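According to the numbering used here, the sequence shown is numbered sequentially starting from 645. C-beta atoms are modelled at their ideal positions from N, C-alpha and C, and glycine is treated no differently. Just so it is clear, the structure is predicted and the values come from calculations on it, not from any experiment. The structure under discussion appears below in the form of structure tokens.
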Amino acid sequence: MLELYHHGSSACAAKVRFALAEKGLDWTGHYVDLLKGEQFDPAFLAINPKAVVPVLVHDGEIILESTVICEYLEEAFPETPRLYPESPLARTKVRLWTKAVDEELHPACSALTYVLSHRHAILRNGAGSFDDFLKGAGPDGRAARELKWRWIQEGLDAPGVADKIRLYDGYLHKMEAALEKSDWLAGGAFTMADVALAPYLNRLAMLQCHGMWRDGRLPCVEDWFARIRARATFEPAFFKWMPADLIENMRANGARSWPAVKDLLGI
Numbered sequence: 645m646l647e648l649y650h651h652g653s654s655a656c657a658a659k660v661r662f663a664l665a666e667k668g669l670d671w672t673g674h675y676v677d678l679l680k681g682e683q684f685d686p687a688f689l690a691i692n693p694k695a696v697v698p699v700l701v702h703d704g705e706i707i708l709e710s711t712v713i714c715e716y717l718e719e720a721f722p723e724t725p726r727l728y729p730e731s732p733l734a735r736t737k738v739r740l741w742t743k744a745v746d747e748e749l750h751p752a753c754s755a756l757t758y759v760l761s762h763r764h765a766i767l768r769n770g771a772g773s774f775d776d777f778l779k780g781a782g783p784d785g786r787a788a789r790e791l792k793w794r795w796i797q798e799g800l801d802a803p804g805v806a807d808k809i810r811l812y813d814g815y816l817h818k819m820e821a822a823l824e825k826s827d828w829l830a831g832g833a834f835t836m837a838d839v840a841l842a843p844y845l846n847r848l849a850m851l852q853c854h855g856m857w858r859d860g861r862l863p864c865v866e867d868w869f870a871r872i873r874a875r876a877t878f879e880p881a882f883f884k885w886m887p888a889d890l891i892e893n894m895r896a897n898g899a900r901s902w903p904a905v906k907d908l909l910g911i
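Quick look at the structure:
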């Protein structure tokens, strides 16, 4: 039995849902509402002390970290459609993309999401004092909470944020270069590389940042994302679990923030 602890807006959880759907695996969901702080519930912390989703439980065994979960699914269910190529060299190409997501793109996505959308909702509802904000830190710790506080207060002017957006844009250009050679990121077949990157393009789209690839800027990326969205697995993996009010908040806040991102990137 496969059980997934997840949340609608988590890019990492969406990645695992997408992988599960592509492999045709049935699973039971446990929705952890991050916006209500349910990740800090003692029962969930006993499963994952880091207080993050996703978490996969397979026949009672706990597997953490989204990329590790996807690799586990590939190895535990070899009879299902494969997301990793057979040859060692081709698998290496896939893992270079998944490694880049884990080490660079995901942290950049967190900053971008906070600065372009979440900060507006927090400020609208009243951010309070930093001491109040610090109380909700959970396992994050003071340093991580201080960084998020600056994202909330300063937005795109917060230290390092502009660099993270440029890094994000740099990966779109790396994708363009790869997709000029083939329809999919790691070669001629759809693989885990495409699964891994899809949530991060979708996040930009939800934040109304389509201009980072549309209107002829990165045509291969635009075509790739259209192919991703056309897959039967995309809609249920990405939008079935997204609260409608969160979708609208991200759309409205992203549209409000896009002109500044556009100027930053010189688009």
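Exercise for the section: Check whether the Cβ atoms of residue 885 and residue 681 lie closer than 8 Å to each other. Expected result: Along the sequence shown, read from residue 1 onward, the residue named residue 885 stands at position 241. Along the sequence shown, read from residue 1 onward, the residue named residue 681 stands at position 37. Taking 8 Å as the Cβ cut-off, residue 885 and residue 681 do not qualify as a contacting pair.
Problem - CB contact flag (residue 742, residue 667, <8 Å) - result: In the sequence shown, residue 742 corresponds to position 98, counting from 1. In the sequence shown, residue 667 corresponds to position 23, counting from 1. Inclusion of residue 742 and residue 667 in the CB contact set at 8 Å is not warranted, their separation being larger than that value.
Practice task
Buried or exposed for residue 693, please, with buried defined as at least 16 other CB atoms from any protein chain shown within 10 angstroms of its CB.
Solution key: In the sequence shown, residue 693 corresponds to position 49, counting from 1. Exposed: under 16 other Cβ atoms inside 10 Å.
Practice task
Give me the Cβ distance between residue 697 and residue 650, rounded to the nearest whole Å; I'm assuming they're in contact under 8 Å.
Solution key: As a working mapping, residue 697 is identified with position 53 in the sequence shown. As a working mapping, residue 650 is identified with position 6 in the sequence shown. Correct: roughly 5 Å between the Cβ atoms.
Handout entry: Three-state secondary structure assigned by DSSP to residue 669
Key = If you number the sequence shown from 1, residue 669 lands on position 25. Of the three classes helix, strand and coil, the one that applies to residue 669 here is coil, per DSSP.
Practice task
Starting from the C-beta of residue 842, find all residues in its chain whose C-beta is less than 7 Å away, skip the five residues before and the five after it, and write them out in chain order.
Solution key: Counting from 1 along the sequence shown, the entry for residue 842 is found at position 198. Within the same chain, residue 842 has close Cβ partners 662 and 872.
Practice task
Would you kindly check if the distance between the Cβ of residue 675 and the Cβ of residue 749 is under 8 Å?
Solution key: Here the question's residue 749 lines up with position 105 in the sequence shown. Here the question's residue 675 lines up with position 31 in the sequence shown. No, Cβ-Cβ distance for residue 749 and residue 675 is not below 8 Å.
Handout entry: Identity of the residues DSSP links to residue 639 by a beta bridge
Key = Since the first residue shown for the chain is 645 and the last is 911, residue 639 is missing from the structure and cannot be characterised.
Practice task
Please confirm whether any heavy atom of the ligand HEM lies closer than 7 Å to the CB of residue 874.
Solution key: Among the ligands in the structure shown, none appear at all, so the ligand HEM cannot be discussed.
Exercise for the section: With DSSP as the reference, label residue 699 as helix, strand or coil. Expected result: On the sequence shown, residue 699 is found 55 positions in, with the first residue counted as 1. Residue 699 carries a strand assignment under DSSP once its states are collapsed to helix, strand and coil.
Exercise for the section: Starting from the C-beta of residue 752, find all residues in its chain whose C-beta is less than 6 Å away, skip the five residues before and the five after it, and write them out in chain order. Expected result: For the purposes of this step, residue 752 is taken as the residue at position 108 of the sequence shown. The beta carbon of residue 752 lies closer than 6 Å to those of 808, 811 and 812 in the same chain, with the five residues before and after it left out.
Exercise for the section: Tell me whether residue 659 is buried or exposed, calling it buried when 16 or more other Cβ atoms sit within 10 Å of its Cβ. Expected result: Here residue 659 refers to the residue found at position 15 when the sequence shown is read from its first residue. Classification of residue 659: buried, given that the 10 Å Cβ count is 16 or more.
Exercise for the section: On a CA-only basis, which of 853, 844 and 866 is nearest residue 821? Give me that one, please. Expected result: Counting from one through the sequence shown, the residue named residue 821 turns up at place 177. Out of 853, 844 and 866, 866 has the C-alpha closest to the C-alpha of residue 821.
Problem - Exposure label - residue 740; buried when at least 16 CB within 10 Å - result: Within the sequence shown, the letter at position 96 stands for residue 740. It is exposed - the Cβ of residue 740 has fewer than 16 other Cβ atoms within 10 Å.
Exercise for the section: Starting from residue 872, follow the beta strand (DSSP E) in both directions and report where the run begins and ends. Expected result: In the sequence shown, counting from the first residue as 1, residue 872 sits at position 228. Premise fails: residue 872 lies in the alpha helix (DSSP H), 863-874, not in any beta strand (DSSP E).
Handout entry: residue 762 versus residue 836: straight-line alpha-carbon distance, rounded
Key = Here residue 762 is taken as the residue at index 118 of the sequence shown, counted from 1. Here residue 836 is taken as the residue at index 192 of the sequence shown, counted from 1. Residue 762 and residue 836: Cα-Cα distance of roughly 29 Å.
Handout entry: Inter-residue spacing [alpha-carbon to alpha-carbon] between residue 718 and residue 727
Key = Mapped onto the sequence shown, residue 718 falls at position 74. Mapped onto the sequence shown, residue 727 falls at position 83. Between residue 718 and residue 727, the C-alpha separation is close to 7 Å.
Handout entry: Own chain residues within Cβ distance below 8 Å of residue 839, not counting five before or after
Key = Within the sequence shown, numbered from 1, the residue matching residue 839 stands at position 195. 659, 662, 663, 666, 714 and 727.
Problem - Cβ-based burial, residue 711 [other Cβ within 10 Å; buried from 16] - result: Residue mapping note: residue 711 aligns to position 67 of the sequence shown, counting from 1. Counting Cβ neighbours within 10 Å, residue 711 comes out buried, since at least 16 surround it.
Handout entry: Same chain, Cβ closer than 6 Å to residue 774, neighbours up to 5 away in sequence not counted
Key = Reading the sequence shown from its first residue, position 130 is the one you call residue 774. Unreliable positioning characterises residue 774 in this predicted model, as indicated by a pLDDT of 46, which lies under 50. The coordinate reading is nonetheless provided below. Excluding residues within five positions, the ones whose Cβ falls inside 6 Å are 793.
Handout entry: Whether residue 902 touches residue 831 by CB criterion (8 Å)
Key = In the sequence shown, counting from the first residue as 1, residue 902 sits at position 258. In the sequence shown, counting from the first residue as 1, residue 831 sits at position 187. No. Outside cutoff.
Problem - Burial state of residue 845 (16 or more Cβ within 10 Å) - result: On the sequence shown, residue 845 is found 201 positions in, with the first residue counted as 1. Label assigned to residue 845: buried.
Problem - Best match in 824, 754 and 882 for proximity to residue 806 [C-alpha to C-alpha] - result: Residue 806 sits at position 162 when you count from the first residue of the sequence shown. Nearest C-alpha to residue 806: 754.
Exercise for the section: Rounded to whole angstroms, what's the CA-CA distance from residue 899 to residue 671? Just pull it up for me. Expected result: One-based indexing of the sequence shown puts residue 899 at position 255. One-based indexing of the sequence shown puts residue 671 at position 27. Spanning the two alpha carbons is a distance of roughly 35 Å.
Exercise for the section: Give the DSSP-derived three-state secondary structure of residue 674 in the structure shown. Expected result: Within the sequence shown, the letter at position 30 stands for residue 674. Strand.
Exercise for the section: Please report how far the alpha carbon of residue 817 lies from the alpha carbon of residue 790, in whole angstroms. Expected result: By 1-based counting over the sequence shown, the position of residue 817 is 173. By 1-based counting over the sequence shown, the position of residue 790 is 146. Taking the straight line from one Cα to the other gives about 31 Å.
Problem - Residue interval of the alpha helix (DSSP H) (run including residue 891) - result: As a working mapping, residue 891 is identified with position 247 in the sequence shown. Counted as a single uninterrupted DSSP element, the alpha helix (DSSP H) harbouring residue 891 occupies residues 888-909.
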